[in-house]
Amino acid sequence: MPNQPSPLPYAQRADLFAQLAALEKAGLPAQTAFSTVKLAGANQARLNAMCALLARGRDIPSAGFQTGVFSEIETQLLRAATSAGSPAHSYRRLANTYALKVRLSKKVRSRMMLPIAVFFIALVVQPLPALVSGALSAGGYVWHVLRPCLAIGLGYRLLRWLPEWLAHAPPSFMRTQLEAGLIQLPIFGVLHVRSNVRDFFESLALMLEAGLPMFDALPKACKTIRNQKIRATFTRLLRTMKQGATLGMALEDVAYLGDRQIIEFVKTGEASGTLPEMLFRHVQFETDAIAHLQEQIAEWLPRLIYGAVALWMAYGILTGGGFAPNLPAELR
850 MPNQPSPLPY AQRADLFAQL AALEKAGLPA QTAFSTVKLA GANQARLNAM CALLARGRDI
910 PSAGFQTGVF SEIETQLLRA ATSAGSPAHS YRRLANTYAL KVRLSKKVRS RMMLPIAVFF
970 IALVVQPLPA LVSGALSAGG YVWHVLRPCL AIGLGYRLLR WLPEWLAHAP PSFMRTQLEA
1030 GLIQLPIFGV LHVRSNVRDF FESLALMLEA GLPMFDALPK ACKTIRNQKI RATFTRLLRT
1090 MKQGATLGMA LEDVAYLGDR QIIEFVKTGE ASGTLPEMLF RHVQFETDAI AHLQEQIAEW
1150 LPRLIYGAVA LWMAYGILTG GGFAPNLPAE LR
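Right under this line is the structure:
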């Protein structure tokens, strides 16, 4: 969608959804709630435009997506929640999700300061002997320092752009290959799969709790799955259930369920008539597990990068002639 504005910063999204959750719990109408909320800077204009659409009768997810207040993923989730009744629970979950992202981002940045400082010191110091000896010109020295910085900056921008591109790009061979590769990544692939599956079961629980029939709730819940490969797998649940299977039976043939504990939760819920409650219990377990995994990544990623920088510096020192300087040809 070329005209779709870029998503709000995580910090603003965390604040937005926290305010909306509190106002929704207080019972304020949607238009009143959104007119009460304030966003920092130029993004307030998006919220004002959304309020105008709500006044003309547009629903919350559509108005939010059209004005750029909500991303496509948020829109799908809130559409499912509003179909089920109140979006307060989804507001709270989104607020907690983005607050965790902000907290982890700050934690990673603070812990990355030392590795980054060591890296730039290495970039500046490593080519100095060649510059002093005349083997490297001043321009060559500057380029030697800037080239890794440019490559790292480009890689960082690509990593920031890729998730949003995947969220908005139409189905294609390239998207399918990228999403398949994303699933295979160590650690991050597990986090990606578990987040998508968690979103599916939470949306399904919200709608079932509000009284929507299973056959109406399943397709809506599938739309909250961002990865097309995973979504295609869960879309087959509806066909299997229409052939007479229960949800617990249909899940037995579905991949991406991890330890498959969810199957026992679902079968217990179906047998006791408490399926939404059992789904919510599983969702809470998964949310805690995902948060713990994200905390571990934030803890270890700076250490790994620092170790890689230290090894790179040691390699440069050992191979750069510092310990065994090259002698002129006539003295060899």
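Each residue of the sequence shown is one higher than the last, beginning at 850 in my numbering. Don't be surprised by glycine CBs; every beta carbon is placed ideally from N, CA and C.
Restricted to the stretch 977 to 1030, not a single beta strand (DSSP E) segment is unbroken, complete and at least 3 residues in length. By the Cβ neighbour-count rule, methionine 899 is buried, with 16 or more other Cβ atoms within 10 Å of its own.
The residues Arg1043, in chain order, have a CB closer than 8 Å to that of alanine 1138 in the same chain once the five nearest residues on each side in sequence are set aside.
Straight through space, the alpha carbons of proline 976 and phenylalanine 1022 are spaced by roughly 43 Å.
With respect to the 7 Å criterion, alanine 933 and methionine 1063 are not classified as neighbours on the basis of their beta carbons. Short of 8 Å from the beta carbon of serine 855, and not among the five residues preceding or following it, lie these beta carbons of its own chain, in chain order: Gly917, Glu1013. Counting along the chain, glutamate 1101 sits inside no alpha helix (DSSP H), nor does DSSP assign it H or E at all. Note on geometry: alpha-carbon atoms of serine 1052 and alanine 971 lie some 49 Å from one another. With three or more CB-CB distances shorter than 8 Å, the stretch 1136 to 1151 counts as touching the stretch 955 to 962. Going by C-alpha positions, tryptophan 1161 is about 11 Å away from valine 967. Residue His1131 holds the alpha-carbon nearest to the alpha-carbon of glycine 1118 among His1131, Asp1108, Leu1106, Gly1107. Judged by DSSP in its simplified three-state form, lysine 887 adopts coil rather than helix or strand. By the Cβ-count criterion, methionine 1127 is buried, with 16 or more other Cβ atoms from all chains shown falling within 10 Å of its own Cβ.
Assigned with DSSP and collapsed to three states, asparagine 1076 falls in coil, not helix or strand.
Threonine 1084 and glutamine 1077 have their C-alpha atoms spaced approximately 10 Å apart. Residue state for serine 935 is assigned as coil, using DSSP reduced to three classes.
Distance between phenylalanine 969 and phenylalanine 914, taken at the CA atoms: about 41 Å. For the set His1041, Leu985, Leu927, the Cα lying nearest the Cα of lysine 1069 is the one of Leu927. About 6 Å separates the beta carbons of arginine 1075 and isoleucine 922, which is inside the 8 Å limit, making them a contact pair. A distance of 7 Å or more separates the beta carbons of tyrosine 940 and phenylalanine 883.
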